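Peer 1: First, the structure itself, so that you have it in front of you.
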Amino acid sequence: MPNKIVVKIPELLKQRGMSLRELSRLADVRHAALSELSNGKRSNINFAHIEKIADALSISDIREILELVEVGEIE
Numbered sequence: 001m002p003n004k005i006v007v008k009i010p011e012l013l014k015q016r017g018m019s020l021r022e023l024s025r026l027a028d029v030r031h032a033a034l035s036e037l038s039n040g041k042r043s044n045i046n047f048a049h050i051e052k053i054a055d056a057l058s059i060s061d062i063r064e065i066l067e068l069v070e071v072g073e074i075e
């Protein structure tokens, strides 16, 4: 089965009780870009954005933000 990268922004925001707009401000990433990432609407990932998200949320392990899953496992 093919794999897909899933960006786990919704889970991270829920865990932290944070809004997408607040993350946008803290990470200095456009709200629209974060929204597209969070909803799986982007086919390309800007790694500078991932780095900024990690810094804003004090994340040191990229696996907290990105996950590689088999397409059949995606809900």
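Numbering follows full-length UniProt numbering, in which position 7 of the sequence shown is assigned residue number 7; successive positions increment by one, without gaps.
The C-beta atom is built at its ideal place from N, Cα and C for all residues, glycine as well.
Here the structure is a predicted model, which means the values were calculated and not measured.
Ala32: buried (16+ other C-beta within 10 angstroms of its C-beta) or exposed?
Peer 2: It counts as exposed.
Peer 1: For my contact list, Leu66 and Ile50 are in at a C-beta cut-off of 8 Å; report their separation, rounded to the angstrom.
Peer 2: 7 Å
Peer 1: Alpha carbon to alpha carbon, what distance is there between Val29 and Asn39?
Peer 2: Between the alpha carbons of Asn39 and Val29 lies a distance of about 15 Å.
Peer 1: So Leu57 and Leu12 are supposed to be a Cβ contact under 8 Å. How far apart are they, rounded?
Peer 2: 6 Å
Peer 1: Tell me whether Ser24 is buried or exposed, calling it buried when 16 or more other Cβ atoms sit within 10 Å of its Cβ.
Peer 2: buried
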